[in-house]
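Notes to accompany the following structure.
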Amino acid sequence: MDLKTIHVAACLTIALLFLITTKMMILQRKDLNKRVPALPPVVSFVSLIASLPTLLTRGLPAVIHGLHAKLGTVFTISLFGVKKVTFLVGPEATAHFFEGSESEIRQSNIYEFSVPVVGRGVLYDVDLTTRSRQLSFCTNAIKPMNVRSHVDAMVQEVEGYFAQWGQHGVVDLKHEIWHLILVIANRCLLGKHIRENMFDQVATLLNELFDNTSYLISFFFPYLPIPPHHRRDKARSKLGEIIHDVVRSRRTSSGLADNNDNDDMLQRLVDSNCINGRPLTESEIAGLVVGMVFAGQHTTSSAGVWTGACLLNDDGGRDHLAAAVEEQREIVGRHGHRLDYDILQEMVTLHSCVKEALRLHPPAMMLFRHASKGFSVRSREGNVYEIPKGHTLVTCMAVANSLPYIYKDPHVYDPSRFGPGREEDKVEGGKFSYMSFGAGRHACLGKDYAYMQIKVIWSHLLRNFDLELVSPFPEEAWEKLIPEPKGKVLVSYRRRVCSA
Numbered sequence: 006m007d008l009k010t011i012h013v014a015a016c017l018t019i020a021l022l023f024l025i026t027t028k029m030m031i032l033q034r035k036d037l038n039k040r041v042p043a044l045p046p047v048v049s050f051v052s053l054i055a056s057l058p059t060l061l062t063r064g065l066p067a068v069i070h071g072l073h074a075k076l077g078t079v080f081t082i083s084l085f086g087v088k089k090v091t092f093l094v095g096p097e098a099t100a101h102f103f104e105g106s107e108s109e110i111r112q113s114n115i116y117e118f119s120v121p122v123v124g125r126g127v128l129y130d131v132d133l134t135t136r137s138r139q140l141s142f143c144t145n146a147i148k149p150m151n152v153r154s155h156v157d158a159m160v161q162e163v164e165g166y167f168a169q170w171g172q173h174g175v176v177d178l179k180h181e182i183w184h185l186i187l188v189i190a191n192r193c194l195l196g197k198h199i200r201e202n203m204f205d206q207v208a209t210l211l212n213e214l215f216d217n218t219s220y221l222i223s224f225f226f227p228y229l230p231i232p233p234h235h236r237r238d239k240a241r242s243k244l245g246e247i248i249h250d251v252v253r254s255r256r257t258s259s260g261l262a263d264n265n266d267n268d269d270m271l272q273r274l275v276d277s278n279c280i281n282g283r284p285l286t287e288s289e290i291a292g293l294v295v296g297m298v299f300a301g302q303h304t305t306s307s308a309g310v311w312t313g314a315c316l317l318n319d320d321g322g323r324d325h326l327a328a329a330v331e332e333q334r335e336i337v338g339r340h341g342h343r344l345d346y347d348i349l350q351e352m353v354t355l356h357s358c359v360k361e362a363l364r365l366h367p368p369a370m371m372l373f374r375h376a377s378k379g380f381s382v383r384s385r386e387g388n389v390y391e392i393p394k395g396h397t398l399v400t401c402m403a404v405a406n407s408l409p410y411i412y413k414d415p416h417v418y419d420p421s422r423f424g425p426g427r428e429e430d431k432v433e434g435g436k437f438s439y440m441s442f443g444a445g446r447h448a449c450l451g452k453d454y455a456y457m458q459i460k461v462i463w464s465h466l467l468r469n470f471d472l473e474l475v476s477p478f479p480e481e482a483w484e485k486l487i488p489e490p491k492g493k494v495l496v497s498y499r500r501r502v503c504s505a
């Protein structure tokens with residue numbers, strides 16, 4: 006073989022090796038891209054600054070809505086490069102958020118703000134196993150088979166409360182519903198003894214506790230030494246003493262635990278035992294009861310007010326009001342004025358009216374989690390993103406509940422969207438399309454209980470009063486931890502001579 010031939014062969018060999026190496030690098034890069042998805046798009050500093058006017062005038066949900074429209078269903082906000090907050094919007098992106106295990110998607114460290122409210126040794130101040138057991142006590146206490154009998158007590162309280170109204174007048178619906186839900190909570194959760202003997206004192210303490218925990222600063226800095234937190238802690242301490250005394254009395258008074266007057270959540274917790282047979286301590290019971298009242302008071306009263314504001318709104322609501330009143334007439338025709346758990350289940354129209362009010366005005370602005378492990382998520386746009394360990398995860402309920410590809414005319418109050426033939430919350434996106442009560446592992450325990458209370462209240466109002474919204478339709482108080490109607494919601498009433 007001559008020198009020229011050897012040279013050509015060498016050149017061909019080098020060229021072939023180069024082509025093979027290049028091909029392998031391309032394949033490896035493609036494989037790497039498949040195995041390591043890109044990070045979510047990051048909101049630029051300029052975009053954040055540009056969003057400030059919207060934040061100040063329309064609230065945080067409007068900002069998130071705008072970022073979602075620009076960046077898609079998955080995006081990250083970097084807070085000064087120190088903390089990364091990744092937003093997941095819509096059913097396609099939130100499955101792992103709601104269904105991931107606690108070892109992957111943690112909830113406990115996010116909700117540390119609740120510890121000063123419920124107290125030490127319960128819920129988000131204990132390990133997962135203990136918290137799961139404590140939550141099972143709460144779940145058992147308010148599951149339908151155990152709260153059916155509460156309807157009678159609710160009806161009695163509602164009838165007694167509205168009997169104090171005159172023949173006609175103007176009221177602040179926000180104040181009335183808040184106070185009535187507090188009355189029901191005292192009777193059905195804390196018990197008849199507290200309701201009849203200590204209501205004013207307990208109600209004042211609960212109001213102090215709630216009012217001084219309701220702002221966003223309490224969520225991010227729950228132990229900040231500021232006057233509202235001092236008032237919160239003082240109210241919680243006094244409330245704990247009252248509940249401790251009641252628990253001690255029930256345990257030491259012979260036969261009292263079997264008294265029918267104690268058909269309440271407090272008694273179910275008194276009767277509960279841990280796996281090792283140990284009864285719950287007085288502090289644990291107090292913490293769980295306060296936690297349940299805290300979780301339900303703001304959310305349920307807000308939902309009750311929004312239901313009324315939406316139904317009484319001249320901009321489309323009164324047609325649905327007429328349908329809800331007609332449903333009450335039909336139910337009265339079948340059952341008389343009797344009301345029990347089964348009859349409440351027949352109120353499909355009223356149920357949809359409440360559900361739609363909650364869709365438009367969810368009881369929480371956002372839900373938070375912590376990514377304990379990295380995971381991948383596919384956006385609605387088809388992109389796959391890697392969410393790193395350590396990111397704070399957020400889904401915005403107000404935005405998720407108004408996605409136009411799920412809900413037709415999403416900003417219109419239309420309870421019929423949940424009716425037969427439409428069921429918009431089930432057609433597209435499945436179980437993560439309707440977010441007002443959360444979903445998955447940490448769905449709201451008190452959803453059915455909240456619907457019961459609101460339906461009992463509005464069933465009575467629709468049967469017995471002609472109502473009109475006097476003040477303008479309320480704006481949302483987005484600055485609150487739990488958004489609520491801003492200002493007074495004035496409603497004029499006139500008692501019917503012949504109720505529905």
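All residue numbers for the sequence shown refer to our numbering, where the first residue is 6 and numbers rise by one. Beta carbons: idealized from backbone N, C-alpha and C, even for Gly.
Where do the N-terminal and C-terminal ends of the alpha helix (DSSP H) with residue i fall, by residue?
i	result
LYS413	Premise fails: LYS413 is in no alpha helix (DSSP H) and is neither H nor E.
TYR116	Here TYR116 belongs to no alpha helix (DSSP H), and DSSP marks it neither H nor E.
VAL48	Segment: none, VAL48 is in no alpha helix (DSSP H) and carries neither H nor E.
THR286	Element bounds for THR286: n/a, residue is neither H nor E.
VAL252	232 to 257
ILE199	197 to 202
SER137	133 to 147
Taking residue i as the reference, give the member of the options with the closest Cα.
i	options	result
PHE92	PHE80, PHE102, LEU84	PHE80
MET270	ILE54, LEU326, LEU450, CYS143	CYS143
ALA448	PRO45, GLY105, ILE462, ASN388	GLY105
LEU221	LYS485, SER497, HIS416, ARG499	LYS485
GLY124	TYR228, LEU466, ALA376	TYR228
ASN388	VAL47, GLY77, ASP419, SER141	GLY77
LEU467	TYR498, PRO415, ALA146, GLY443	TYR498
SER165	ILE392, GLY174, HIS184, LYS148	Rather than Ser, the amino acid found at residue 165 in this sequence is Gly. It is HIS184.
LEU53	ALA444, LEU72, LYS378	LEU72
MET370	PHE299, ALA482, SER108	ALA482
ALA403	ALA43, LEU65, GLU335	LEU65
TYR5	VAL382, ARG500, THR312	Shown here, the chain extends from 6 to 505; a query on residue 5 therefore has no answer.
SER219	THR134, VAL122, ALA376	VAL122
ASN202	ALA168, PRO233, VAL251, ASP216	VAL251
Residues bridged to residue i by DSSP?
i	result
ASP177	LEU495
HIS375	ARG111, THR397
ALA43	TYR390
PHE380	ILE392
GLU473	SER497
SER83	LYS89
PRO490	GLU481
In its own chain, which residues sit with a C-beta less than 7 angstroms from the C-beta of residue i, not counting the 5 before and 5 after it?
i	result
LYS179	VAL310, PRO490, LYS493, VAL494
ILE189	MET159, GLU162, GLN458
ALA405	VAL94, GLY95, MET440
VAL68	SER56, THR59, LEU60
LEU316	GLY322, HIS325, LEU326, ALA329, CYS358
LEU37	Model confidence at LEU37 stands at a pLDDT of 45, short of 50, so the residue's coordinates are unreliable and nothing is read from them.
LEU187	ALA208, LEU211, GLN302
THR257	none
Go ahead and pull the three-state DSSP assignment for residue i.
i	result
THR354	helix
ALA98	coil
PHE224	helix
ARG385	coil
VAL502	coil
ASN267	helix
ARG468	helix
ASN406	coil
ASN278	strand
GLU433	coil
CYS449	coil
PHE423	helix
VAL68	helix
GLN272	helix
Among the residues of its own chain, which have a CB less than 8 angstroms from the CB of residue i, if the five just before and after it don't count?
i	result
ILE248	LEU195, LEU271, GLU287, ILE290, ALA291, VAL294, VAL295
LYS431	SER438
GLU213	ARG236, ARG237, LYS239, ALA240
GLU332	MET352, VAL353, THR354, LEU355
Using a Cβ-Cβ distance cut-off of 9 angstroms, determine whether residue i contacts chain B.
i	result
VAL330	In the structure shown, chain B cannot be found, because there is only a single protein chain.
Excluding sequence positions up to five away, which residues of its chain have a Cβ less than 6 angstroms from the Cβ of residue i?
i	result
TYR346	ARG153, VAL156
LYS89	THR81, SER83, HIS396
LEU210	ALA240, LYS243, LEU244
PRO420	HIS325, SER357, CYS358, GLU361
TYR116	TYR129
LEU363	ALA308, SER441
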